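The sequence shown lines up with residues 304 to 576 when you count with our numbering. All C-beta atoms in this analysis are idealised placements derived from N, C-alpha and C, irrespective of residue type, glycine included. Predicted model, so just to flag it, every value in this text is computed and none were measured.
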Amino acid sequence: MVVVITGASSGIGRALAEYLSHHKAKLTLAARRLDRLEALNAELGGTHQVVQADVSNQEDCRNLVQSAAAFHGRIDTLVCNAGYGLAKSMSETSAAELRRIFETNFFGTTDTIRAAIPVFMRQDERDGYRGQVMIVSSSVARRGLPFFGAYSATKAAQLSIAESLRVELQPNHIAVTSVHPVGTETEFFDLAGKMGNSTVPPPGKGEVQQTAATVARKMAAAIINPKPEVWPLRPARWGLSIGTLVPGMVDRALRTYRRSINEPNTAPASTAV
Ligand SMILES: NC(=O)c1ccc[n+]([C@@H]2O[C@H](COP(=O)([O-])OP(=O)(O)OC[C@H]3O[C@@H](n4cnc5c(N)ncnc54)[C@H](OP(=O)(O)O)[C@@H]3O)[C@@H](O)[C@H]2O)c1
């Protein structure tokens, strides 16, 4: 199988690359940090393709897909995983910050998919599919988190297009899978804090945190046997779906999380006054 992974230099993307490589898949590893990708490829035996790509740049998305198709001769699965968080209250998020996060998390996804669909259409089927789009969304696609409003919006937008595309592309035998991890041990929360200039604990810290390897294993199973959605922590799927029926109750539960972010971030300001 040939799998293209965006955001392979760290976290979930990297763990997926390791898992699939050990199971003999042929990979294209993409991200902005070329040194990390090359080191990963060397660790995995040096046989994979490495492509430096910034998914917020439409031209990079096109080049990535075209060079992967040329290198391997086909693409079985495109994993749109590249993304980042922004830990900042929605009311303080600037228009530029909002546009920037959509450029990477949402338009990076759609631009890569738009480039890949013609490649899938030209291919013969393998195991019943011409190809598969896998979109790494989040559990927050179903319920926005306080201090992650902009990020949650990008993830909900990814879920919406996954649902639309899945039905549209079904007659062409192209599978579409969305992935909805809960808090996962990666560089995500450190970076989200830096991007939002705040200190953020992962939601449910000490309760629900999965490893990137666990998430990757569940994603790999859905690459081998495509399914509509992957929820690496199964109870999250049911909890969040039921939560949509009782939003006030979920608001109350999330107030604890809001306080855990508010306290460290407001303390220095109040002592300074
Ligand atoms: N960790 C969590 O709790 C969690 C939960 C739910 C969903 N997710 C989603 O999982 C995905 C992977 O995140 P992670 O947790 O593995 O975080 P991570 O360790 O920070 O990895 C993020 C990856 O995305 C890449 N990336 C970011 N911006 C990019 C850009 N403009 N162009 C190309 N690549 C870019 C980074 O590579 P470079 O910096 O080298 O470009 C890196 O490889 C994200 O979409 C995230 O929203 C994470």
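| Supposed close pair threonine 489, isoleucine 308 - CB separation, criterion 8 angstroms | Their Cβ separation, rounded to whole angstroms, is 14 angstroms, which puts threonine 489 and isoleucine 308 out of contact at 8 angstroms.
| said: Taking 7 angstroms as the cut-off, is the C-beta of aspartate 554 nearer than that to any heavy atom in ligand 1? | reply: no
| Which whole runs of the beta strand (DSSP E) in the region 390 to 435 are 3 residues long or more, in chain order? | none
| field | 6 angstroms Cβ shell around phenylalanine 374 - same chain, five flanking residues per side excluded | value | Gln352
| query | Does at least one heavy atom of ligand 1 sit under 7 angstroms from the Cβ of aspartate 414? | reply | no
| Taking contact to mean at least 3 C-beta pairs separated by less than 8 angstroms, is the region 449 to 466 in contact with the region 359 to 367? | no
| field | DSSP state of valine 305 mapped onto helix, strand, coil | value | strand
| Unbroken alpha helix (DSSP H) run spanning alanine 516, endpoints | 515 to 527
| said: Which of the three DSSP states is assigned to serine 440 in this structure? | reply: coil
| request: Tell me whether valine 439 counts as near ligand 1, meaning its Cβ is closer than 7 angstroms to at least one heavy atom of that ligand. | output: yes
| query | Taking just the CA atoms, how far does alanine 333 sit from leucine 319? | reply | 12 angstroms
| Under the three-state DSSP convention, the category lysine 458 falls into | helix
| query | With 16 as the cutoff for other CB atoms within 10 Å, does tryptophan 541 come out buried or exposed? | reply | exposed
| field | Closest residue to serine 385 among Glu395, Thr407, Val482, Ile378 (Cα-Cα distance) | value | Looking at the sequence itself, residue 385 is alanine, so the reference to serine does not match. With distances taken between Cα atoms, alanine 385 lies closest to Thr407.
| Thinking C-beta only, is valine 354 closer than 8 angstroms to threonine 331? | yes
| message | Quick check: does the Cβ of arginine 270 come within less than 7 angstroms of any heavy atom belonging to ligand 1? | response | The structure shown does not extend to residue 270, since the chain is modelled only from 304 through 576, so no value can be given for it.
| said: Can you determine whether any heavy atom of ligand 1 sits closer than 7 angstroms to the C-beta of threonine 331, and answer yes or no? | reply: no
| query | First and last residue of the alpha helix (DSSP H) that includes leucine 494? | reply | 491 to 499
| field | Assigned secondary structure, leucine 548 (DSSP; H/G/I helix, E/B strand, else coil) | value | coil
| With distances taken between CB atoms, is the gap from isoleucine 526 to valine 306 smaller than 8 angstroms? | yes
| field | Residue range of the unbroken alpha helix (DSSP H) whose run includes glutamine 369 | value | 361 to 375
| field | Any non-hydrogen atom of ligand 1 closer than 7 angstroms to glutamate 490 Cβ | value | yes
| field | Where serine 481 sits in the DSSP three-state scheme | value | strand
| message | Buried or exposed, going by whether 16 or more other CB atoms sit within 10 Å of the CB of threonine 574? | response | Below a pLDDT of 50, predicted positions are generally treated as unreliable, and threonine 574, at 35, falls in that range; the measurement from the model is reported next regardless. Exposed, by the Cβ-count rule.
| How would you call serine 394, buried or exposed, if buried means at least 16 neighbouring beta carbons within 10 angstroms? | exposed
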